[in-house]
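Participant: Would you mind keeping the following structure in view while I ask a few things?
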Amino acid sequence: MQLSQNVARTTVPSYYHIRTNLPQRKPQNQWEGVYYYSGITKRQQHVVLLQRKREREMYLRQYNRQVASLRGQYAAHHEKPLASLPERLMFATKLASCGMHNEAATFVDAMHHGKELRAIDYVHLISSLRASDLGTCILHSEAACDPALTFKFLGDNAGAERATEAYRWYDMAMSALAHECGSLRPESTPAASQLTNALMRALMTCGYAHVKAIPDAVYDRMGARGISPTASTYDHVILALALTGNAAEAEDVFRFVRHRHAEHVTVHGYNALLLGNREARLFDRCDGLWQELVDRRWPRANPLTAELYLRSVVDHAYTPTSEGLQRFGSVHVVEKKKVPIVLTQMDELGIPRTHLSGPLRDEVEDALRKFSIYRNRFYEWGRAVKQFDFIEFRRRHGWMYDLHLMKNTTKMLPPIRDPSQPDSTMASAAMVELPAFFTERHPWERNALESLLSVTKERERMDDVRAGDIYYDDTKSIHERSSTWMNEVPETRYDQLYGINHPDVSKIGIRTHLEVEYTNRKEVMEKDAALVRKSIRRGRRLRHRVEVSRTHRNEGSLTAKESK
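Residues in the sequence shown are numbered consecutively from 564, following our numbering.
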């Protein structure tokens, strides 16, 4: 009966052990992954999810408490109205930012009819229709800290009604501004620009239809009425295009702004493009934008930038290659290797990791667990050390004959050439890998200033060579004498002037110089060349005989007779 095959039959190192330098039973597969793959236990997973749930509940509780207190205050103010204008303004702003726009509208209408509001007050009121407090609650509860999802969910919370209010308040503000301006055109004032920006900001959270209206209707009408745009106008337009999936057009607008108004470019444009490209799954563009921010250092990236970029990396890591391969490990998991690098860049830019959101921080920690090897893990005789050494050893010595076992790109093939069709090859691209013979050594394996201070000759190894590279670099210092310097005849000035190394061709074939064309010119030239070769060969032979003959006898041979 055949017993299990993976029982080690001997304790003596076998042929395979000697040949591959691997233990007989393979306690670990050297080619199954270079990194420590470590997950977290079910218990830890459970704890993490509980923490997230508690955090969600906390934000919901906080928001509900805020709404309840505002409702109570609103009922109280019905009975006893607020006297001072700043208090009423502040209360209306709070109501609107919690998503209670109908209650806020009663205050705004009353103040508008009483002509109590200035342009800047209208700007704050319209901006508060973004419902930023409600947005914070949604961000930390339903949207799981994803900024793009927050915009979508906010649009579902009475988005259309809030948009209607925003348009109404905007018209009220413009009429009040016209009244204030008197004979001036209200559209030409900076206040009109600020009001339009506030309207765009409010519409951004009012659902797809209204976000789509920002670059189309609102921005176009702004141009038609002669209201001049500001830097934040363009930021809002880019963000609206990104949210509606027009990443290409958003990039165009951004390029225009950078071309015309480079000094006014803010990081909000970059953030908007990161968000849009991530939604469109153009992950390479996200990489490009982040790298540009890191390289240029201006505009300064902020925590939201890091959040959006890291989320794009995580999304890429979880993108399956195709429908059929979903069951297997995804190739894109390797994208998480970028995370440690991005964290280093964040440290350089001064963005603290603690400012990332909770769910994203969990993903980042997961990537660090998988793709970072810490000092203490690296220096213990663990799997990774052996593995790196093993691969590096084989790379240096060209032991690449079983690469097909270590990689899935290579495999054993029939002979590459087909004898019936000698010009074609049977292998497809990237199937065959040749051993790396002439591998350049790493800088730390070379001497300092090696190219200047030493002369390297490639020599062939004459000892027994089992595998790989029979050539080696023979490196000598430029200040070092050759090993045979005692035997060499010094070359003098006489040798250089009159030696056979530099024959004067013009003295040899004199007929050549008398006339250009003559009868047997070719034969004469060949004879002359042969003559030169012959004399050089003779001279070399003579030189060689002189050099190899012993100049000095063995030590003590001169005194041999005297000692007898």
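By construction, the Cβ of each residue, glycine as well, lies at the ideal position given by its N, Cα and C atoms.
Glu-1043 by DSSP, collapsed to three states: which one?
Facilitator: The answer is coil: DSSP assigns Glu-1043 none of H, G, I, E or B.
Participant: Could you check the C-alpha separation between Gln-529 and His-1005 for me, to the nearest Å?
Facilitator: With the chain running from 564 to 1127 in the structure shown, residue 529 is simply not present.
Participant: What's the C-alpha gap between Leu-1016 and His-1042?
Facilitator: Cα-Cα distance, rounded: 8 angstroms.
Participant: Pro-866 CB to nearest chain B CB: under 9 angstroms?
Facilitator: Any reference to chain B falls outside this structure, which holds one protein chain only.
Participant: Within 10 angstroms of its Cβ, does Thr-713 collect 16 or more other Cβ (buried), or is it exposed?
Facilitator: Buried is the call here.
Participant: Based on Cα-Cα distance, which residue from Asn-1050, Asp-1091, Glu-1089 and Ile-914 lies nearest to His-1107?
Facilitator: Nearest of Asn-1050, Asp-1091, Glu-1089 and Ile-914 to His-1107, Cα basis: Asn-1050.
Participant: Between Tyr-599 and the rest of its own chain, which residues show a CB-CB distance below 6 angstroms, the 5 nearest in sequence each way excluded?
Facilitator: Reliability fails at Tyr-599, whose pLDDT of 49 lies under 50, so the model's placement of it is uncertain and no value is given.
Participant: Which partner residues does Arg-1022 have in the DSSP bridge list?
Facilitator: BP columns for Arg-1022 point to Tyr-1035.
Participant: Rounding to the nearest angstrom, what Cα-Cα distance links Met-763 and Thr-796 in this structure?
Facilitator: Those two C-alpha atoms are separated by around 8 angstroms.
Participant: Excluding the five sequence neighbours on either side, which residues of its own chain have a C-beta within less than 8 angstroms of the C-beta of Gly-789, listed in chain order?
Facilitator: So the qualifying residues of the chain are Arg-748, Glu-750 and Ser-751.
Participant: Considering Val-774, what are the terminal residues of the alpha helix (DSSP H) in which it resides?
Facilitator: 771-776 is the extent of the alpha helix (DSSP H) around Val-774.
Participant: Scan the segment 611-699 and note each continuous alpha helix (DSSP H) run of 4 residues or more that stays entirely inside, going in chain order.
Facilitator: As far as the segment 611-699 is concerned, its whole alpha helix (DSSP H) runs of at least 4 residues are 648-660, 664-676 and 682-691.
Participant: Please report how far the alpha carbon of Asn-971 lies from the alpha carbon of Val-897, in whole angstroms.
Facilitator: In this prediction, Asn-971 scores a pLDDT of 47, lower than 50, which makes its location untrustworthy; the coordinate-derived value is nonetheless stated afterwards. When rounded, the distance between both Cα atoms is 16 angstroms.
Participant: Could you pull out every residue in the same chain whose Cβ sits closer than 6 angstroms to the Cβ of Asn-539, ignoring the five residues on either side in sequence?
Facilitator: As displayed, the chain neither begins before 564 nor continues past 1127, which places residue 539 out of reach and without an answer.
Participant: Between the Cα of Thr-793 and those of Ala-776, Met-767, Ala-754 and Thr-807, spot the shortest distance and give me the residue it belongs to.
Facilitator: Closest by alpha carbon: Ala-754.
Participant: In the DSSP assignment, the alpha helix (DSSP H) including Gly-851 goes from what residue to what residue?
Facilitator: Here the alpha helix (DSSP H) through Gly-851 covers 846-859.
Participant: In angstroms with no decimal places, state the Cα-to-Cα distance between Glu-642 and Glu-724.
Facilitator: For Glu-642 and Glu-724, the distance between alpha carbons rounds to 27 angstroms.
Participant: Starting from Leu-747 and walking both ways along the alpha helix (DSSP H), at which residues does that stretch end?
Facilitator: No alpha helix (DSSP H) holds Leu-747; DSSP gives it neither H nor E.
Participant: Can you check DSSP and say which residues form a bridge with Ser-1017?
Facilitator: Partner(s): Ser-1040.
Participant: Determine the DSSP secondary structure at Asp-798, reduced to helix, strand or coil.
Facilitator: If DSSP states are grouped into helix, strand and coil, Asp-798 belongs with the helices.
Participant: Would you check if the segment 775-782 and the segment 799-813 touch, i.e. whether three or more CB-CB distances between them fall below 8 angstroms?
Facilitator: Yes, the segment 799-813 is in contact with the segment 775-782.
Participant: Take the Cβ of Arg-874 as the centre, count every other Cβ of all protein chains shown within 10 Å, and call the residue buried at 16 or more, exposed below.
Facilitator: With 16 or more Cβ atoms within 10 Å of its Cβ, Arg-874 is classed as buried.
Participant: Using 9 angstroms as the threshold, is the C-beta distance between Gly-808 and Val-820 below it?
Facilitator: No. Outside cutoff.
Participant: Looking only at its chain, what residues have a beta carbon closer than 8 angstroms to the beta carbon of Asn-1010, apart from the 5 residues adjacent to it on each side?
Facilitator: Closer than 8 angstroms at the Cβ level, and outside the excluded window around Asn-1010, lie Leu-1016, Ser-1017 and Thr-1038.
Participant: Suppose contacts are defined by Cβ-Cβ distances below 9 angstroms. Is Val-877 in contact with Leu-923 by that definition?
Facilitator: Going by C-beta atoms, Val-877 is nearer than 9 angstroms to Leu-923.
Participant: Do you know how far the Cα of Arg-1104 is from the Cα of Val-1087?
Facilitator: Approximately 26 angstroms, taken between the alpha carbons.
Participant: Tell me the rounded alpha-carbon separation between Ser-1112 and Glu-1021.
Facilitator: About 28 angstroms.
Participant: Using the rule of at least 16 other Cβ atoms within 10 Å of the residue's Cβ for burial, across every protein chain shown, is Ile-683 buried or exposed?
Facilitator: Label assigned to Ile-683: exposed.
Participant: In angstroms, rounded to a whole number, what distance separates the CA positions of Val-894 and Ala-667?
Facilitator: Rounded to whole angstroms, Val-894 to Ala-667 spans 52 angstroms at the Cα level.
Participant: For Gly-602, which option in Glu-705, Lys-933 and Leu-692 has the closest C-alpha, if you only look at C-alpha atoms?
Facilitator: Closest option to Gly-602, Cα to Cα, is Lys-933.
Participant: Please state whether the Cβ-Cβ distance between Asp-798 and Ala-835 is less than 9 angstroms.
Facilitator: Yes. Within cutoff.
Participant: Could you check what DSSP says for Met-1088 in three-state terms: helix, strand or coil?
Facilitator: Helix at Met-1088.
Participant: For the pair the segment 705-721 and the segment 675-690, tell me if three or more CB-CB distances fall below 8 angstroms.
Facilitator: Cβ pair count under 8 angstroms is below three, so no.
Participant: Work out the CA separation of Ala-639 and His-742 for me, nearest whole Å.
Facilitator: Going from the Cα of His-742 to the Cα of Ala-639 covers about 34 angstroms.
Participant: Quick check: the Cα distance between Leu-612 and Gln-757, rounded to an integer number of angstroms?
Facilitator: About 43 angstroms.
Participant: How long is the line joining the alpha carbons of Val-816 and Ser-1014, rounded to whole angstroms?
Facilitator: So the two alpha carbons sit approximately 51 angstroms from each other.
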